[in-house]
Structures are given as C-alpha cells and as structure tokens.
Amino acid sequence: MQAIDTTELEKTVAGMSGNPVRLHLGCGGVRLAGFINVDLHPHDPEIEDSSRDGCNADVFADMTALGLDAATVDEIQTYHTIDHFTRWACVDMMTDWHRMLKPGGRLVIEVADFARCVLWLFHPIKKRREVAKNQFYGNQWDRIDFETHRYVWSARELKRELRAIGFSSVRVTHRTETHYPGRDMRIEATK
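This is the structure we're talking about:
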C-alpha cells in the first residue's frame, strides 16, 4: 500500500479560510460539489474494478486516520464505505469523525441495511436476491481486497452505536439518494 500523507488533507482544510469544511469520504468515482472528496485508492487502469468508475478524489487519505484536529469539520458524508471495514475498525473510525466534527456538525451515511438484505434474499425477483447476496461479501470478482465487505450493519445497530459514540440526534430513513432504495438506509446524525 502507498504511504499516505495526511498533511495534504490538513493543508486543504487549512486553506478553506472560513468556508464550511465538508468531507466526502470514500468518494471513488463520485465527486460532490462543495466537498473535499477523499479516497485512499487512486484509479489504476491496470486493475479491473467493476465496483466503481475511477476515482475523483481531491485528496488521497485514509478515512480511518484523517489526522484532523478536533472540532474542525462541519459535515461528513460517506456512501457505501463503512461496510468495507470490520465492525471494530468502523466504530473507531466513526468515533474519530465525531471528534473532528464541530458542535452541531453533521454526519451522513448511506449503506445497506442488514435486515432489509435478509428480506431481499427471499424476494420473488431474482435480481433483488442477487443484490442482497452481493451486499454480504462485496466485490468478490475483481480480486481487489478493498472492494470486499467486512460487516453489514442493521439500522437499529448503527443508530445505537452512533448514539453511544455521542451523536445527539440520529435519524434513519430508507429513502436513499444512492444505490438501492428499499434495501439501503440513510443515517443523518448531529453532534
């Protein structure tokens, strides 16, 4: 794995000069306007990765060790990334995000809901059954370790964990902006 220089992200944040600091973590090929788009893995044309469309990161950094000071970030958004980490690594990562968020700061997570995936395993439509099964393992075809899934959260469990970390308000909906509405969940948490 390449060495990541967290000072690149620190310099980018320092250069925001009074503007809101909004991080899009694990951006992959999706670029959010008004956000610092962060990913660990640059696009490598030598690797066949059917899970994402390239990489449009502004900064390459490890989202488990961003190295930012406490209370410096206004908002963090991450889509279908936390399932690529073990449960304990994800809890540590979300705890660090809470530390970095300013009071009133916002965390948005979209990811598959375990309970919905289980229901979809028995869906009469074959495509939904396949989508549910794939969620448990992630991309197992392209031989890319970072594209495999390591944990599938339920809405109840993730909400409980975010409250235990210290988020004051945690709202869960199954109306998502990405991937599979009905299978996936959107969590909006406030510090």
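Quick note on the working numbering: the sequence shown kicks off at 179 and runs consecutively. C-beta: ideal position from N, C-alpha, C; glycine also.
Taking just the CA atoms, how far does residue 204 sit from residue 241?
By 1-based counting over the sequence shown, the position of residue 241 is 63. By 1-based counting over the sequence shown, the position of residue 204 is 26. Each residue's Cα considered, the two are about 7 Å apart.
Check this for me: beta carbons of residue 337 and residue 348, under 7 Å apart or not?
Start at 1 with the first residue of the sequence shown, and residue 337 comes out as number 159. Start at 1 with the first residue of the sequence shown, and residue 348 comes out as number 170. For residue 337 and residue 348, yes; Cβs fall inside 7 Å.
Please say whether residue 209 and residue 288 have beta carbons closer to each other than 7 Å?
Taking the sequence shown and counting its residues from 1, the one referred to as residue 288 is at position 110. Taking the sequence shown and counting its residues from 1, the one referred to as residue 209 is at position 31. It is not a contact, given that the beta carbons lie outside the stated cut-off.
Have a look at residue 367 and residue 255 and give me their C-alpha separation to the nearest angstrom.
Here residue 367 refers to the residue found at position 189 when the sequence shown is read from its first residue. Here residue 255 refers to the residue found at position 77 when the sequence shown is read from its first residue. Spanning the two alpha carbons is a distance of roughly 10 Å.
Quick one: what's got a C-beta closer than 6 Å to residue 249's C-beta in the same chain, skipping five residues either side?
The sequence position of residue 249 within the sequence shown is 71, counting from 1. Excluding residues within five positions, the ones whose Cβ falls inside 6 Å are 280.
Through-space distance from residue 189 to residue 304, alpha-carbon basis
Taking the sequence shown and counting its residues from 1, one reaches residue 304 at position 126. Taking the sequence shown and counting its residues from 1, one reaches residue 189 at position 11. Their Cα atoms are separated by approximately 48 Å.
At what residues does the beta strand (DSSP E) containing residue 210 begin and finish?
Stepping through the sequence shown from its first residue, residue 210 is reached at position 32. Segment: none, residue 210 is in no beta strand (DSSP E) and carries neither H nor E.
In angstroms, rounded to a whole number, what distance separates the CA positions of residue 246 and residue 187?
Locating residue 246 in the sequence shown gives position 68, where the first residue counts as 1. Locating residue 187 in the sequence shown gives position 9, where the first residue counts as 1. Rounded to the nearest angstrom, the two C-alpha atoms are 8 Å apart.
For residue 238, write down the residues that DSSP places opposite it in a beta bridge.
What you label residue 238 is simply residue 60 of the sequence shown in a count that begins at 1. BP columns for residue 238 point to 217.
Residue 357 versus residue 207: straight-line alpha-carbon distance, rounded:
In the sequence shown, residue 357 corresponds to position 179, counting from 1. In the sequence shown, residue 207 corresponds to position 29, counting from 1. Rounded to the nearest angstrom, the two C-alpha atoms are 14 Å apart.
Work out the CA separation of residue 260 and residue 294 for me, nearest whole Å.
Taking the sequence shown and counting its residues from 1, the one referred to as residue 294 is at position 116. Taking the sequence shown and counting its residues from 1, the one referred to as residue 260 is at position 82. Distance between the alpha carbons of residue 294 and residue 260 is about 17 Å.
Give the range of the beta strand (DSSP E) segment to which residue 285 is assigned.
If you number the sequence shown from 1, residue 285 lands on position 107. 279-290 is the span of the beta strand (DSSP E), which, as asked, contains residue 285.
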